[in-house]
Amino acid sequence: MPRQSAPTIELPTLDGNIHLLEAERRTSGALQSLVLDHLLSQGTDATATWIDSRGNASTQPLAQLAPSPRLLDRIEIARGFTAFQHYSLLDELHEQVTEETSLLVLPDLDWFYRDGDLNHREGERMLSEGIALVEDVHDKTRIPVLVTRTNRGEDTSPIECAAEEVLRCEQTSQGPRFTGSDFETLVYPGRGYFQTTITYWNRILTARHPELGESTVQPEVATVGTD
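In structure tokens form, the structure reads like this:
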């Protein structure tokens, strides 16, 4: 099938707020794409500090999504493997922020605090205190924060309460759609087809930032309505 041209589309702008991204599982890659797009929009010196959980910062997907390999050098990733290690990273977050830091990324912020090694109350307490640490850094720096959570249950409501903006990304029959309080975009990548995740986001980022050159991933397509 002939290669379809990637549309230049609007993506949410991550201004100086705490943004909660609620994305369907079918739209995997949305978080990473927003991070990369933000860095590309902020100039060559801008960096992101990423406190990881659940492998969201896996190098391979990021490398496949990034229009330029050099972009990955601007993402500073810290990983914890227990609730206490993750909490320590949040406690030290203020030390990781520099003049070049333009984004804080906290995927699946609640994940470690739902660990079976913690009792429910201890997990709730650590999550609430961890959120407060993030809010403190944000209040002092006004650096935008992009956060996700594992579910929308009551035990993760403190994350939503801390967020100043909720961004939703859902897969539709005609492509992914982002919605926010004052933002909406529906993507139409082609008649009757949508691209599979990694290829799709890579081509969108390349189309939005043509100065980086051609897409680094060969396109694939899947018929609308297939799983």
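Note that this note's numbering has the sequence shown beginning at 3, numbered continuously upward.
Just so it is clear, CB atoms sit at the ideal spot from N, CA and C, and this is done for glycine as well.
This one's a predicted model, so the numbers in the text were calculated from it and none came from an experiment.
Discussion item. Measuring only the C-alpha atoms, how far is T29 from T187?
Written reply: 14 Å
Fill in: Extent of the continuous beta strand (DSSP E) to which V147 belongs
V147 to V149
Worksheet item: What do you get for D110, buried or exposed, if any count of 16 or more other CB atoms within 10 angstroms of its CB means buried?
Response: buried
Discussion item. Spatial neighbours of Q173 within its chain, please: C-beta separation below 6 Å, excluding the five flanking residues on both sides.
Written reply: E26, R28 and T29
Worksheet item: So what's A50 in DSSP terms, helix, strand or just coil?
Response: strand
Practice prompt. Starting from the Cα of L108, find the closest Cα among I133, S70 and T100 and give me that residue.
Written response: I133
Discussion item. Among the candidates L13, T15 and E24, whose CA atom is the shortest distance from the CA of V168?
Written reply: E24
Worksheet entry | Other residues of its chain near D112: CB distance less than 6 Å, five sequence neighbours each side excluded | L129, R151, T152 and T158
Practice prompt. Please classify F211: does DSSP put it in a helix, a strand, or coil?
Written response: The residue you asked about is not Phe; residue 211 is His in the sequence shown. DSSP places H211 in coil when its eight states are reduced to three.
Worksheet item: How many whole angstroms separate the CB atoms of I161 and L33, which I take to be in contact at a CB cut-off of 8 Å?
Response: Actually they do not touch by this definition, with Cβ atoms about 14 Å apart.
Fill in: Through-space distance from L148 to R170, alpha-carbon basis
12 Å
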